[in-house]
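Visitor: My structure is below; once you've seen it, I'll send some questions.
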Amino acid sequence: MHIAGVKLQRLASVMVVMVAVVMAGRVALVVVVVVVVVVLVLVVPLPVISTPLVRMNVSAE
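To convert, take the position in the sequence shown, counting from 1, and add 227; that gives the numbering used here.
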């Protein structure tokens, strides 16, 4: 009985570690996605916004 309890404890600890790894992986994935989206939102609009403004300024002059 005691040996079975030890095995269950080990199994439970392994499960907890696996769940923690999976959760950490998901969190890391979400963080990476958020960072990529933020970078795209910050970097992509700059040329897109500035190009028409420059064209408008040139055409206005």
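Glycine residues also receive a C-beta, built at the ideal position from the N, C-alpha and C atoms.
For clarity, every value in this text was computed on a predicted model and none was experimentally measured.
What does the alpha-carbon distance come out to for the pair VAL275 and VAL259?
Guide: Reading the sequence shown from its first residue, position 48 is the one you call residue 275. Reading the sequence shown from its first residue, position 32 is the one you call residue 259. Answer to the nearest angstrom: the Cα atoms are 24 angstroms apart.
Visitor: DSSP state of ALA262, grouped into three classes?
Guide: Here the question's residue 262 lines up with position 35 in the sequence shown. Note that residue 262 is Val in the sequence shown here, rather than Ala. It is helical.
Visitor: Would you identify the three-state DSSP class for VAL257, choosing helix, strand or coil?
Guide: Your numbering for residue 257 matches position 30 in the sequence shown. Helix, per DSSP.
Visitor: What number of angstroms, rounded off, separates the C-alpha of VAL236 from the C-alpha of LEU269?
Guide: In the sequence shown, residue 236 corresponds to position 9, counting from 1. In the sequence shown, residue 269 corresponds to position 42, counting from 1. For clarity, residue 236 is Gln in the given sequence; the question names Val instead. Each residue's alpha carbon lies about 48 angstroms from the other.
Visitor: Suppose you measure from the CA of VAL271 to the CA of ASN284; what does that come to, to the nearest Å?
Guide: Locating residue 271 in the sequence shown gives position 44, where the first residue counts as 1. Locating residue 284 in the sequence shown gives position 57, where the first residue counts as 1. Computed Cα separation, rounded: 21 angstroms.
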